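Scroll down for the structure; my scribbles are underneath it.
Protein chains in written order, with the working numbering: chain A, 1 to 112; chain B, 1001 to 1115.
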């Protein structure tokens, strides 16, 4: 079945540093979604990508839809303590349903 | 995006009792809602797709008689964990689907602890 592989699994960075994480798949996706989950909360949609090659920003966050449609990247610039959390990539499941496939997440820790 | 609420935000119950969790779509008429379960340090696991006015569709391995889903209106879906046991302790999250944009918007989650 479809799988999304996220890397790295976890990151420990200093405040102010830039962060890059990615999501890859052996399957083609027509939509890539990036969510952030704070501890004890539900995931919040950060960025949605709908077109191969698309580069979209949301404040300090930038995400790109890979040309091959098999990968996506999320970058965070000038990290701050509130960026701490787990970042999930997701994409629509095959078969035309509204279900999503999720990666296992990248846990980000920002040291002040 | 859609605004989704869940109630309660946390619940503690005794083993053998049933627990009902509500998921409300506050500004979006949701014909489809989704129920996920998340164990510590793991990703979200889809349990079932809740369809307004019809039976829910359960993922493989999820007991439909244990996890009862009712989606009686376009703004409310409920998940009832029947005869809960400690292994049912988890974080339960619902979401509403966006068919056109292929996105989902999540509720804040419900933490269930079964003693």
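We treat Cβ as the ideally placed atom computed from N, Cα and C, and that holds for glycine.
In this text, all values refer to a predicted model and were calculated from it rather than measured experimentally.
The beta-bridge partner set that DSSP reports for residue 84 of chain A is empty. Cβ-Cβ distances below 8 Å link residue 1042 of chain B to nothing in the same chain once the five nearest sequence neighbours on each side are left out. Within the segment 1084-1110 of chain B, the residues whose Cβ lies closer than 9 Å to some Cβ of chain A are 1091, 1093, 1094, 1095, 1097, 1098, 1099, 1101, 1102, 1103, 1104, 1105, 1106, 1107, 1108 and 1109, listed in chain order. Membership of residue 71 of chain A in the beta strand (DSSP E) is indicated by the continuous run 71-76. Listed as beta-bridge partners of residue 1015 of chain B by DSSP are no residues whatsoever. The alpha-carbon separation between residue 1062 of chain B and residue 17 of chain A amounts to approximately 42 Å. Nearest Cα to residue 1105 of chain B within the set A/28, A/106, A/54 and A/41: A/41. Contact of residue 33 of chain A with chain B is assigned, a C-beta pair being separated by under 8 Å. Proximity of chain B to residue 88 of chain A at the Cβ level (cut-off 9 Å) is accounted for by 1043 and 1044, in chain order. Of the candidates A/21, A/97, A/14 and A/32, A/32 places its Cα closest to the Cα of residue 50 of chain A.
At a beta-carbon threshold of 7 Å, the residues of chain A lying near residue 1001 of chain B are 45, ordered along the chain.
Nearest in C-alpha terms to residue 1090 of chain B, of all of B/1071, B/1056, B/1102 and B/1047, is B/1047.
Using a Cβ-Cβ cut-off of 7 Å, residue 1075 of chain B is close to nothing in chain A; its nearest Cβ partner there is about 17 Å away. Residue contact with chain A for residue 1082 of chain B: absent (no Cβ-Cβ distance below 8 Å to any residue of chain A). Taking 8 Å as the Cβ-Cβ cut-off, the segment 1011-1034 of chain B approaches chain A at 1032 and 1034, given in chain order. Using a Cβ-Cβ cut-off of 8 Å, residue 100 of chain A counts as an interface residue toward chain B, since at least one Cβ of chain B sits closer than that to its own.
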